[in-house]
Amino acid sequence: MRSLLVIRVEPTIAASSDAIPLTPERLLGANGYHVQVTASETEALKLSAEAEASILHLSLVDVEYWVRCLGKGKTNTPLLWWCAPDTASSSVESCEVEASLDGILTPSMIGPEIHWTLHFAAKRYMERKQWEQERKQLQSRLEDRKWIDMAKAILCDLKQISESEAYDLLRKRAMDERKRMVDVATAIVKAHQLLQS
């Protein structure tokens with residue numbers, strides 16, 4: 001992982017006029033990473049497609065918004081948060097964000113720590129994406145099951161048959177029509193609802 005994107009909305013202000021703030025791009029650049037910085041949503045969506053990870057140098061209040069924004073662009077890279085000293089002193093309540101982040105970077109990290117944090121963030125990201133896909137599949141199966149159960153109940157009521165007989169009837173109809181069982185069940189439920197109204 002060598003190409004990174006830093007998203008920062010507000011410029012970092014130094015504590016004193018002599019101090020130069022340690023920004024993620026300075027730290028990462030000093031450790032051999034190619035870093036691009038943006039504050040624009042449009043540019044962030046474009047650049048995130050090319051980057052291997054995105055680092056959010058934002059207040060926790062802005063993190064949720066930017067995670068949603070990057071999600072719209074189907075960003076397929078790990079998301080990390082830059083935990084600056086001013087944010088680290090925030091209250092515990094302000095840390096309650098509803099965003100999925102894959103890692104945290106801090107200004108005190110050294111080269112190997114940055115490398116391993118990025119490595120673990122990439123691993124965490126892959127696991128998170130796999131969980132999201134499994135969750136979608138389970139939700140889809142539950143939705144299919146709901147249609148099938150409703151169709152079985154309708155068939156049981158109309159034909160005065162048992163649940164297992166209704167299931168067999170649905171399955172046979174699906175095989176005869178070369179359709180998925182849920183498609184046949186959905187058609188039965190919708191037709192029944194139409195006739196009832």
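Quick note: UniProt numbering has the sequence shown finishing at residue 197, numbered continuously throughout. Backbone N, C-alpha and C fix where the C-beta goes; we use that ideal spot for every residue, glycine too.
{"Query": "Could you tell me which residues DSSP pairs with H34 in its beta bridges?", "Result": "S3"}
{"Query": "I110 lies in the alpha helix (DSSP H); which residues open and close that run?", "Result": "No alpha helix (DSSP H) holds I110; DSSP gives it neither H nor E."}
{"Query": "Please identify the residue among A99, E50, E177 whose C-alpha is closest to the C-alpha of L56.", "Result": "A99"}
{"Query": "Would you call the region 30 to 37 in contact with the region 75 to 86, where contact means no fewer than 3 C-beta pairs closer than 8 Å?", "Result": "no"}
{"Query": "In chain order, what residues of the same chain have a beta carbon less than 6 Å from the beta carbon of G111, not counting five sequence neighbours either side?", "Result": "N31"}
{"Query": "Taking 9 Å as the cut-off, decide whether the C-beta atoms of A121 and D149 are in contact.", "Result": "no"}
{"Query": "Using a Cβ distance threshold of 8 Å, determine whether the region 177 to 197 contacts the region 136 to 153, with at least three qualifying pairs required.", "Result": "yes"}
{"Query": "Tell me which residues share the same chain as P78 and place their Cβ nearer than 6 Å to its Cβ, disregarding the 5 neighbours each side in the sequence.", "Result": "A53, D102, A121, A122, Y125"}
{"Query": "I'd like the span of the beta strand (DSSP E) that includes L56, first residue to last.", "Result": "53 to 56"}
{"Query": "What is the rounded straight-line gap between the Cα of E25 and the Cα of V6?", "Result": "7 Å"}
{"Query": "Looking at the structure shown, is I188 part of a helix, part of a strand, or coil, going by DSSP?", "Result": "helix"}
{"Query": "For E177, is the classification buried or exposed, using 16 other Cβ atoms within 10 angstroms of its Cβ as the cut-off for buried?", "Result": "exposed"}
{"Query": "So for residue 205, helix, strand or coil by DSSP?", "Result": "Lying before the first or after the last residue shown, residue 205 is absent from the chain, which here runs from 1 to 197."}
{"Query": "Taking the straight line between their C-alpha atoms, what separation do you get for K136 and H119?", "Result": "26 Å"}
{"Query": "Using only alpha-carbon positions, find the residue among E143, Y65, G71, E165 that is nearest to K129.", "Result": "G71"}
{"Query": "Could you have a look at L142 and say whether DSSP puts it in helix, strand or coil?", "Result": "helix"}
{"Query": "Tell me which residues share the same chain as T106 and place their Cβ nearer than 6 Å to its Cβ, disregarding the 5 neighbours each side in the sequence.", "Result": "C83"}
{"Query": "With burial defined as no fewer than 16 other Cβ atoms inside 10 Å of the residue's Cβ, what is the status of T42: buried or exposed?", "Result": "exposed"}
{"Query": "On a Cα-Cα basis, can you pick out the residue from L27, P21, L22, L58 that is closest to T38?", "Result": "L58"}
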